[in-house]
Structures are given as C-alpha cells and as structure tokens.
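Each protein sequence line maps, in turn, to chains A and B. First residue of the first sequence: 50, per our numbering; consecutive thereafter. First residue of the second sequence: 31, per our numbering; consecutive thereafter. Yeah, the Cβ is synthetic: ideal placement off N, Cα and C, and Gly gets one too. Owing to the predicted nature of the structure, the values given are computational and were not obtained by experimental measurement.
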Amino acid sequence: MSPIRTLAGVSLRRMLRGRALWVAAIVAVMPIGFAAVTASQRELGVADPSDVFGFVQLMLAVLPALLVASPIGEDIEDRAITYLWSRPIPRWSMLVGTLLAAVPVVWVLAIASWCLASLAGGNAPTLESCIALVLGGLALAIVAGAIATLAPRFGMALTIVYMLFFDLPLGVMPAAIHNVSVTEHGRTFADLKGIAETTPAGAALGIAVIAGVWAAIGLWRISRLEA
Amino acid sequence: MSEASASARPPGNLVNVDRCSKWYGQVLGISDVSWKLAGGIVGLLGPNGAGKSTLIKLIAGLLRPSRGTLEVFGATPFHSPEVRRRIGYAPEHEKMWDELTAHELVTVMAELAGAANPRTAAEAALAQVGMTSAMHRRVRGFSKGMRQRTKLATAIAHDPDLLLLDEPLTGVDPLARIEIVEWIRALAAAGKTVIVSSHVLYEIEALTSEIIVIHRGQVLAEGNVYEIRKLIDRHPHRIRVECDRPRVLAAALAEAPHVSRIELSDRGLLIETRDPDRCYDLLAEITLAKELTIDSLASPDNNLGAVFEYLTSERRA
C-alpha cells in the first residue's frame with residue numbers, strides 16, 4: 050500500500066496546486082444554476098429531480114476527465130512516468146494512486162452539486178441518488194483513467210467524447226444496449242427515470258461490470274507501457 | 031580508477047547485455063548490442079539519436095528488449111523491482127512534477143525507491159548537488175541547470191549501487207559542470223557504478239577513460255578512451271580554411287610532408303594532415319609570410335559526427 054499512498058498524496062498535492070480543481074469546482078456549480086432556473090420557470094416552483102440529476106450526470110462527463118484523465122495522460126505524454134517506472138513499484142500503483150486521490154474529490158463535488166441543486170430546485174436529494182453518484186463517479190473515473198492510458202495525449206478530450214457521444218446517448222436507447230451505460234444504471238439505481246428493467250442491485254452490478262472491464266483495460270495497458 | 035573504488039566494487043558483471051535489440055515500431059533504438067560492465071564509470075558516447083538513451087532505459091527497466099537479453103545484478107530490470115531498487119536513474123528530459131518543490135519531489139522519489147528515511151535522504155541528496163538553498167522552491171521556476179541538479183538528487187537519494195545518468199551535463203553552466211564531474215567521480219570512488227551518456231567527447235573524457243561509442247544503434251568501439259582516440263587519430267585530421275588567396279596557401283602547404291591531401295575550392299581549401307599541431311603552426315607561418323587574410327578556420331573532425339562516420343567506415347572496411 051505504501052507506493053499507492055505516496056502517489057495518492059502526490060496526486061492530491063498536485064491537484065490542489067493546479068488549476069483543474071478550480072475548473073472542476075466551477076463546473077460543479079452549474080447544475081445548481083440549472084436547477085434554480087428550471088424551478089423558477091415552473092408553476093409550482095419545483096424542478097423535475099430527474100432533469101437535475103441528468104444535468105449532474107452530464108457534469109460527471111467533465112470531472113473525471115479533468116481530475117483523472119488529464120494528469121495521467123500528461124504524466125505519460127510528458128514522460129514524467131520515467132521517474133516512476135524506474136522505481137521498484139508496481140506500474141498499476143500510478144493508476145490506483147491517482148484514482149485514490151481524485152475519486153473522493155469527484156464524489157464530494159458531485160454530491161455537493163447534486164444536494165445543492167436539489168435544494169435550489171425545491172427537492173430533497175435521496176440517499177439512493179447520492180449512492181448512484183458515488184458508484185457512477187467511481188466507474189467513470191476508472192473509465193477516464195483507462196482512456197488516458199490508451200490515448201495519453203487526448204485522454205481528457207476522449208473521456209468527454211466517450212461520455213457525451215457514447216455513454217449518455219446509449220443510456221437513453223430503448224434497447225438492451227443501454228446496459229453498457231453507466232449513467233443509465235445510475236438513473237435506475239437512483240430511481241430517476243431509468244429505462245433499464247432491472248433492480249438497484251442489478252444496476253449496481255452493471256456499473257461494477259463496466260468499471261471492471263475498463264479497469265482491466267487500464268491495468269493491462271499500463272503494464273505494457275514503455276517510457 | 032583508484033584501488034579503493036575497485037575494492038569496494040562487487041565481483042562479477044553488474045550489467046550484462048547480450049545481443050540486445052530494441053525497436054520502436056519501425057524505428058531502430060539499438061541493434062544487436064552485446065556489452066558487459068563490471069563497475070566504475072563508463073561513458074556512453076554518441077551523437078543525438080544514436081541509441082544511448084535507449085540503452086540506458088533498457089538498463090533502468092523502463093523498456094523491454096525486442097530481442098536478446100539484458101541482465102542487471104543477475105536479473106531482468108523490467109521485471110525485477112529488487113533490481114530497480116538498486117538503480118538510480120536521471121533521465122535526459124527535464125519534465126517532472128513541476129507543482130512540487132525540489133524537496134517534495136526528491137522525498138517522494140526516495141520514498142518510492144524504498145529509502146528508510148526519505149526526508150533525510152532527500153535533504154542529503156539535495157545538499158550533495160548544491161540545491162539546499164533552493165530546495166523549498168517549486169520545480170516550475172527552476173532553470174535548466176537547477177532541474178539537472180534536482181534530477182541528479184532524485185537519482186542518488188536512495189543510495190543506489192548503479193547510477194544511470196542520461197546527458198547529465200546538458201544545460202549546466204561551466205562552474206556547475208566542474209562540480210557535477212567531481213561529484214560523479216566521487217561517487218565512483220565510493221564504490222558506485224556510474225553509466226553516463228553524452229554526445230560531447232570532452233565531457234566524457236573529463237569523467238572517465240572507459241567509453242563505449244554508439245552510433246545508429248550499434249556499438250562502434252569499446253574500451254579505453256585513449257585507444258579510441260588512437261583509432262580516431264589514424265584518420266587524417268581535416269582543416270577547412272577560407273581565405274582571400276587559397277591557391278597561394280595551397281602551393282605553400284603542398285611541400286609539407288605531413289599534409290597528405292589538399293582540396294581546393296572557390297572560397298578556400300580543405301587540408302588533410304596526419305600531424306594537426308605542426309599543420310596549424312605552418313598555417314600561421316604561411317599566413318604571416320604571405321600576408322593572407324583568413325576568413326575562417328575550422329576542423330570538421332572536431333564535429334563528433336565526423337568521428338562516428340569515420341569509425342563506421344573503419345568498421346565496414
């Protein structure tokens with residue numbers, strides 16, 4: 050655990066000193082504004098929670114890209130990893146260490162954004178919806194990490210593209226293909242207009258399977274990378 | 031090399047490269063390299079793109095050979111964390127975690143390398159390379175020389191047995207260069223094995239007499255630098271002169287026994303000599319006597335590329 054803890058500490062320190070965290074925080078504020086505007090335009094002054102949740106999920110396209118894909122991609126592209134690979138540490142510890150630092154930040158931003166947006170929209174966030182964001186945030190951070198190992202130079206951009214043009218659109222398809230979407234499983238788990246005919250446990254399992262596949266891709270790729 | 035350093039060195043080969051090749055897709059890194067290293071300081075000499083960094087990265091365990099075997103301390107560095115624990119590597123590139131201070135960076139690297147007390151080790155390493163006063167500054171604001179020193183500190187902080195220094199003198203000011211050379215020599219005297227790469231012959235000569243000449247991914251020559259110099263010196267030294275009356279100069283030089291060939295052109299002449307010192311003296315004499323105006327005087331052989339081309343042609347012959 051020692052190298053992972055060390056690398057997580059470094060990732061967190063770099064994040065706190067960089068600009069990505071500030072950009073992520075600004076992105077996290079956007080659903081609150083969306084919820085407030087939506088609520089003000091309705092007769093009852095209450096926003097549809099599924100719309101607000103959908104906007105928070107949209108935000109999840111950006112947070113892992115900024116906080117996970119970007120630093121991993123940069124480290125590989127700039128060859129900063131040569132310092133790490135020459136150390137007696139397992140290569141996957143770089144990936145896991147970055148996730149360990151970034152995922153809690155993604156969670157805090159996503160849940161805070163969702164809770165504040167819910168309140169701004171005149172709703173109370175449910176526990177299930179918060180857990181769905183926790184599961185979704187973890188899974189999408191793993192996806193972002195794996196994409197960054199596959200295409201370091203374009204890790205951040207490709208993660209956003211994956212979310213906007215793959216995960217989100219497939220998630221609303223009225224066919225079994227929506228099972229490959231983290232956001233759709235998240236909606237089902239949170240009981241907010243999910244279309245998948247499954248239980249919350251099934252949705253959680255679906256998220257775990259998607260995260261597992263991407264984790265395997267990322268770990269395989271990082272074990273093969275040469276600096 | 032001193033007796034002290036020789037006695038401190040462990041027996042047997044530390045590095046054993048056997049018919050090792052590395053390709054990056056279609057691009058050749060090194061080709062069929064075989065080499066053994068027992069200890070001391072060894073200089074890898076070659077022009078940019080020769081394969082020096084590839085060989086160093088293979089030894090550091092950053093790359094896997096495409097063909098052949100490579101062992102360090104009796105194991106494959108790519109697969110053996112225990113071997114990598116005993117290696118200190120300072121890469122050629124400057125990019126590192128710029129958001130950290132030098133102290134944080136070296137501490138993290140020492141920690142990852144398994145140093146018992148990383149903070150103390152980092153402070154000692156930074157002091158060794160003369161970075162104590164700047165160690166709490168962020169790397170982002172460092173000059174090239176300061177980055178080099180910080181890189182060297184990351185390489186030595188965990189007290190490795192084998193140091194791999196890729197172009198450590200690049201971008202370093204003359205004073206720091208002397209300090210770093212002295213420091214590398216002191217490490218070797220303390221029993222460390224050091225592999226240092228450079229594309230500048232005099233940099234390597236200042237560090238060690240044991241060199242390997244690499245060009246186009248292949249080892250061209252290996253051994254004592256003086257032997258390699260002798261090999262180089264067998265090749266006639268060339269001097270290119272640009273002056274106002276090249277024909278007059280050529281006529282005066284033609285009688286000198288040490289001048290083997292003169293090639294005339296509109297702007298000047300190319301002289302080949304087996305005794306460069308005498309030839310330079312003669313040139314000065316003729317210039318004064320004939321009142322010539324010399325526009326430029328250069329030796330293409332001072333360009334390392336010319337030496338490598340020569341060694342390549344020797345090999346082919």
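Sub-8 Å separation of residue i and residue j beta-carbons
i      : j      : result
A/A169 : A/A84  : yes
B/D305 : B/H288 : yes
B/L74  : B/L85  : yes
B/L142 : A/R54  : no
A/A69  : A/S119 : yes
B/A132 : B/V102 : no
A/S162 : A/P80  : yes
B/L44  : B/G69  : yes
B/L250 : B/I244 : yes
A/A276 : A/R63  : no
B/L193 : B/A183 : no
A/V111 : A/V155 : no
B/L217 : B/I210 : no
B/P266 : B/D196 : no
B/L327 : B/I269 : yes
A/G186 : A/L109 : yes
B/L115 : B/G144 : Residue identity check: residue 115 of chain B is Arg in the sequence provided, not Leu. Going by C-beta atoms, B/R115 is nearer than 8 Å to B/G144.
Helix, strand or coil at residue i [DSSP, three-state]
i      : result
B/S64  : strand
B/K52  : strand
A/H227 : helix
B/V57  : strand
A/T175 : coil
A/V95  : coil
A/R270 : helix
A/T232 : helix
B/S35  : At B/S35, the pLDDT of 40 sits below 50, so the modelled position is not reliable; the number obtained from the coordinates is stated separately. Of the three classes helix, strand and coil, the one that applies to B/S35 here is helix, per DSSP.
B/A251 : strand
B/A105 : strand
A/V145 : helix
B/L75  : strand
B/T131 : strand
A/V221 : coil
B/S290 : strand
A/I138 : coil
A/S89  : helix
A/T131 : helix
A/E123 : helix
B/V243 : strand
B/K87  : helix
A/V111 : coil
A/A265 : helix
Exposed unless 16 or more other CB atoms sit within 10 angstroms - verdict on residue i
i      : result
B/A281 : exposed
B/A34  : Unreliable placement is indicated for B/A34, whose pLDDT of 38 sits below 50; no coordinate value is reported for it.
A/Q106 : buried
B/E321 : exposed
A/W269 : exposed
A/P223 : exposed
A/V59  : buried
A/T87  : buried
B/L205 : exposed
A/W263 : buried
B/S32  : Any reading at B/S32 must be qualified, since the residue scores a pLDDT of 38, below 50, and its modelled position is unreliable; the value itself is stated next. It is exposed - the Cβ of B/S32 has fewer than 16 other Cβ atoms within 10 Å.
A/S282 : Within the shown structure, residues of chain A are numbered from 50 to 276, placing residue 282 of chain A beyond reach of any answer.
A/H234 : buried
B/Q56  : exposed
B/K222 : buried
A/V95  : exposed
A/L207 : buried
A/P174 : buried
A/N228 : buried
A/W134 : buried
A/V231 : buried
B/T303 : buried
A/G194 : buried
Those residues which DSSP pairs with residue i across a bridge
i      : result
B/E272 : B/G298, B/S326
B/E257 : According to DSSP, B/E257 bridges with nothing at all.
B/H123 : Answer by DSSP bridge pairing: none, since B/H123 is not bridged.
B/I117 : B/L192
B/T303 : B/H267, B/V289
B/L100 : B/V47
B/V226 : B/G73, B/L195
Quiz item: Of all the alpha helix (DSSP H) runs that stay within the bounds of the region 138–201 of chain B, which reach a length of 4 or more residues?
Solution: Fully enclosed alpha helix (DSSP H) runs of 4 or longer: 148–158, 174–186.
Self-check item: Segments assigned alpha helix (DSSP H), at least 4 residues, entirely inside the region 188–216 of chain A
Solution: Annotation: the region 188–216 of chain A contains the following complete segments of the alpha helix (DSSP H) (minimum length 4 residues), in chain order: 204–211.
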